[in-house]
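Student:
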Amino acid sequence: MFQLTELQHDALAEIFNLGVGQAAAAMSRIVNEEVTMSVPIVAFQNRAEVATTLDSPNERRICAIAQHFEGAFKTKTFLMFLEEKSLELVRLMVGQSLSMEELSEMEQEAMSEIGNIVLNSCMATLANISGRELQGSLPTYHVGTCNDILSHSDKEWDGVVLTLKIDFNIERHEIHGYVAFLLDLPAMNDLRDYIDAYLAKLTG
Amino acid sequence: MTNVLVVDDSRVSRMLSRQYILHKHPQWTIAEAASGEEAVDKLSDFTPDLILLDVNMPGMGGIAAVEKIREKCPDVHITLLTANVQDAVRERANLLGIHFAEKPITEACIDQIIASYES
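Note that the protein sequences, when read in sequence, are chains A and B.
Residue numbers for the first sequence, in our numbering: 18 to 221.
Residue numbers for the second sequence, in our numbering: 8 to 126.
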């Protein structure tokens, strides 16, 4: 069973906290509003449990932007929002100049670009901390329950995965999103090496 | 008169860049391309003074496109405008001698790109 020491666990949460902090700053610039974040929750789970952790109440539909990253470690990252909030988010991004019809027409592309900016901003922090580049895929857009979205994920995520969940809120618009990172077992070992290198750097 | 080529696979990003540039300089001409290949093709009938270039695009990405763009337009001012804000990408932009700007595309970000072009 994959395990982290208390120090590694703490470092992992802190590194991803820094990453999502940058992501929240990027999100704040997109919507021109303050974005607040929760403390990261780190868990090792199977896919059904992941869906339970990430899912919104009553199996409400969410939209998710997913991106793969490879390099120091391999991960699939998700940025998720309640589907009913996505048009409002796009409106905050593009301003008031578009009609509702135009807005709906470009909703998917705009959400993908929001995901691209937020997820890359987070992963860039992780890459910059280690000095090792992470190669990202193009973003993909999905709508459904969290379980639907994870079911579309690759077979490689069938085993136990490490999930890091961080909520962020755009208070004035009651928009709540979360960022999740899925790592399979080989990736977790790479991640542990990455954390150890980070800790070694900190302690000189 | 300044010609600007906005290269990004995201339509909403192209739209935002266009909107903020025209807000500041309504007389400027703006053309768009959705990939590195399209950008290079576009150069046969459009001569840009400034190119806003995304990095991660389907097909030819921004970094690969720089060399091909320079073969056709050696003097064009290129800004890499990307969500990929890793130090490695900034360094690559530096080595290529091009300006680097961070997404999201906001009015301040476009102002910064225009200031870099005008200087």
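Idealized CB from N, CA, C, for every residue including glycine.
If you're wondering where the values come from, they're calculated on a predicted model, not measured in any experiment.
In whole angstroms, give me the CA-to-CA distance for Gln-113 (chain A) and Glu-74 (chain B).
Tutor: Taking the first sequence and counting its residues from 1, the one referred to as residue 113 (chain A) is at position 96. Taking the second sequence and counting its residues from 1, the one referred to as residue 74 (chain B) is at position 67. If you take the alpha carbons of Gln-113 (chain A) and Glu-74 (chain B), they lie about 38 Å apart.
Student: Can a CB atom of chain D be found closer than 9 Å to the CB of Asn-91 (chain B)?
Tutor: As a matter of chain content, chain D is missing from the structure shown, whose protein chains are A and B.
Student: What does DSSP give as the partner residue(s) for Asp-184 (chain A) in the beta ladder?
Tutor: In the first sequence, the residue the question calls residue 184 (chain A) occupies position 167. Asp-184 (chain A) is bridged to A:Tyr-195.
Student: Run the CB neighbour count on Ala-42 (chain A), radius 10 Å, all protein chains shown included, and call it buried at 16 or more, exposed below.
Tutor: Residue 42 (chain A) sits at position 25 when you count from the first residue of the first sequence. Classification of Ala-42 (chain A): exposed, given that the 10 Å Cβ count is below 16.
Student: Which residue or residues does DSSP assign as beta-bridge partners of Ala-38 (chain B)?
Tutor: In the second sequence, residue 38 (chain B) corresponds to position 31, counting from 1. Beta-bridge pairing links Ala-38 (chain B) to B:Leu-12.
Student: Find the residues of chain B that neighbour Ile-134 (chain A), judging by a C-beta separation of less than 8 Å, and give them in chain order.
Tutor: Taking the first sequence and counting its residues from 1, the one referred to as residue 134 (chain A) is at position 117. The contacting residues are Ala-90, Lys-110, Pro-111.
Student: So the candidates are B:Trp-35, B:Ala-41, B:Leu-60, B:Arg-99; which of them puts its Cα closest to the Cα of Leu-87 (chain B)?
Tutor: Residue 87 (chain B) sits at position 80 when you count from the first residue of the second sequence. Among B:Trp-35, B:Ala-41, B:Leu-60, B:Arg-99, the Cα nearest to that of Leu-87 (chain B) belongs to B:Leu-60.
Student: Counting only runs that start and end within the segment 33-102 of chain B, where is the beta strand (DSSP E) found for 3 or more residues in a row?
Tutor: Within the segment 33-102 of chain B, the complete beta strand (DSSP E) runs of at least 3 residues are 36-40, 57-60, 84-89.
Student: According to DSSP, is Glu-51 (chain A) part of a helix, a strand, or is it coil?
Tutor: Stepping through the first sequence from its first residue, residue 51 (chain A) is reached at position 34. Three-state DSSP puts Glu-51 (chain A) in coil, outside helix and strand.
Student: Helix, strand or coil for Met-22 (chain B)? Go by DSSP, reduced to three states.
Tutor: Your numbering for residue 22 (chain B) matches position 15 in the second sequence. Three-state result, Met-22 (chain B): helix.
Student: Is it buried or exposed, Met-22 (chain B), if we count other Cβ atoms within 10 angstroms and call 16 or more buried?
Tutor: Residue 22 (chain B) sits at position 15 when you count from the first residue of the second sequence. Buried, because 16 or more other Cβ atoms sit within 10 Å of the Cβ of Met-22 (chain B).
Student: Within 9 Å of any Cβ in chain A, is that where the Cβ of Ser-20 (chain B) sits?
Tutor: Numbered from 1 along the second sequence, position 13 holds the residue referred to as residue 20 (chain B). So yes, Ser-20 (chain B) belongs to the interface.
Student: Would you kindly check if the distance between the Cβ of Ala-38 (chain B) and the Cβ of Lys-31 (chain B) is under 9 Å?
Tutor: Counting from one through the second sequence, the residue named residue 31 (chain B) turns up at place 24. Counting from one through the second sequence, the residue named residue 38 (chain B) turns up at place 31. Cβ distance not < 9 Å, so Lys-31 (chain B) and Ala-38 (chain B) don't count as in contact.
Student: Using a C-beta to C-beta distance shorter than 9 Å, which residues of chain A count as neighbours of Asp-94 (chain B)?
Tutor: Your numbering for residue 94 (chain B) matches position 87 in the second sequence. Simply Ala-141, Ala-144, Asn-145, Gly-148, Glu-150.
Student: Look up Leu-96 (chain A) in the DSSP assignment and give the residues it is bridged to.
Tutor: In the first sequence, counting from the first residue as 1, residue 96 (chain A) sits at position 79. A:Ile-82, A:Val-196.
Student: Taking the CB atoms as reference points, tell me whether Ile-166 (chain A) and Phe-95 (chain A) lie closer together than 9 Å.
Tutor: For the purposes of this step, residue 166 (chain A) is taken as the residue at position 149 of the first sequence. For the purposes of this step, residue 95 (chain A) is taken as the residue at position 78 of the first sequence. For Ile-166 (chain A) and Phe-95 (chain A), yes; Cβs fall inside 9 Å.
Student: Could you check whether Leu-179 (chain A) and Leu-199 (chain A) sit closer than 9 Å to each other, using their CB atoms as the reference points?
Tutor: The residue given as residue 199 (chain A) occupies position 182 in the first sequence. The residue given as residue 179 (chain A) occupies position 162 in the first sequence. Yes.
Student: Arg-77 (chain A) to Thr-162 (chain A), Cα distance in whole Å?
Tutor: Walking along the first sequence from the start, residue 77 (chain A) turns up at place 60. Walking along the first sequence from the start, residue 162 (chain A) turns up at place 145. When rounded, the distance between both Cα atoms is 6 Å.
Student: Which chain B residues are close to Met-123 (chain A), counting only those with a beta carbon under 9 Å from its beta carbon?
Tutor: On the first sequence, residue 123 (chain A) is found 106 positions in, with the first residue counted as 1. Those within 9 Å of Met-123 (chain A) in chain B are Arg-18, Val-19, Met-22.
Student: Relative to the C-alpha of Arg-97 (chain B), which residue among B:Thr-9, B:Ala-46, B:Ile-70, B:Gly-66 is closest?
Tutor: In the second sequence, residue 97 (chain B) corresponds to position 90, counting from 1. That would be B:Ile-70, whose Cα lies nearest to the Cα of Arg-97 (chain B).
Student: Answer yes or no: does any C-beta atom of chain A fall closer than 9 Å to that of Arg-65 (chain B)?
Tutor: As a working mapping, residue 65 (chain B) is identified with position 58 in the second sequence. Note that residue 65 (chain B) is Pro in the sequence shown here, rather than Arg. At least one chain A Cβ lies under 9 Å of Pro-65 (chain B).
Student: Would you mind working out which of A:Met-97, A:Phe-185, A:His-85, A:Arg-108 sits nearest Ala-204 (chain A), comparing C-alpha positions?
Tutor: Indexing the first sequence from 1 puts residue 204 (chain A) at position 187. Here the closest residue by C-alpha is A:His-85.
Student: Measuring only the C-alpha atoms, how far is Pro-55 (chain B) from Glu-45 (chain B)?
Tutor: The residue labelled residue 55 (chain B) in the question sits at position 48 within the second sequence. The residue labelled residue 45 (chain B) in the question sits at position 38 within the second sequence. Cα-Cα distance, rounded: 14 Å.
Student: In this structure, what does DSSP give as the bridge partners for Val-178 (chain A)?
Tutor: Position 161 of the first sequence, counted from the first residue, corresponds to residue 178 (chain A). DSSP, once it has assigned bridges, lists A:Gln-62 as partnering Val-178 (chain A).
Student: In whole angstroms, what separates the C-alpha of Glu-139 (chain A) from that of Gly-38 (chain A)?
Tutor: Position 122 of the first sequence, counted from the first residue, corresponds to residue 139 (chain A). Position 21 of the first sequence, counted from the first residue, corresponds to residue 38 (chain A). Glu is not the amino acid found at residue 139 (chain A); the sequence shown has Cys there. Distance between the alpha carbons of Cys-139 (chain A) and Gly-38 (chain A) is about 7 Å.
Student: Just to confirm my understanding: we take Val-14 (chain B), look at its own chain, exclude 5 residues before and 5 after, and list those with CB closer than 8 Å. What are they?
Tutor: Counting from 1 along the second sequence, the entry for residue 14 (chain B) is found at position 7. Cβ within range, chain order: Glu-39, Ala-40, Ala-41, Ser-42, Gly-43, Glu-45, Ala-46, Ile-58, Leu-59, Leu-60, Asp-61, Met-64, Gly-69, Ala-72.
Student: Between Gln-119 (chain B) and chain A, is there a C-beta pair that is closer than 9 Å?
Tutor: Stepping through the second sequence from its first residue, residue 119 (chain B) is reached at position 112. So no, Gln-119 (chain B) is outside the interface.
Student: Against chain B, does Leu-155 (chain A) count as a neighbour if the rule is that its beta carbon must be under 9 Å from one of theirs?
Tutor: Mapped onto the first sequence, residue 155 (chain A) falls at position 138. Chain B contact via Cβ: present.
Student: What's the call for Glu-16 (chain A), buried or exposed, on a 16-neighbour Cβ count within 10 Å?
Tutor: Limits of chain A in this structure are 18 at one end and 221 at the other, which puts residue 16 (chain A) out of reach.
Student: Who does Gln-152 (chain A) pair with in a DSSP beta bridge?
Tutor: Working through the first sequence from its first residue, we reach residue 152 (chain A) at position 135. DSSP lists A:Glu-87 as partners of Gln-152 (chain A).
Student: Helix, strand or coil for Val-160 (chain A), going by three-state DSSP, please let me know.
Tutor: In the first sequence, counting from the first residue as 1, residue 160 (chain A) sits at position 143. Strand at Val-160 (chain A).
Student: Quick one: which chain B residues come within Cβ less than 7 Å of Arg-46 (chain A)?
Tutor: Numbered from its first residue, the first sequence carries residue 46 (chain A) at position 29. What Arg-46 (chain A) touches in chain B: Pro-111, Thr-113.
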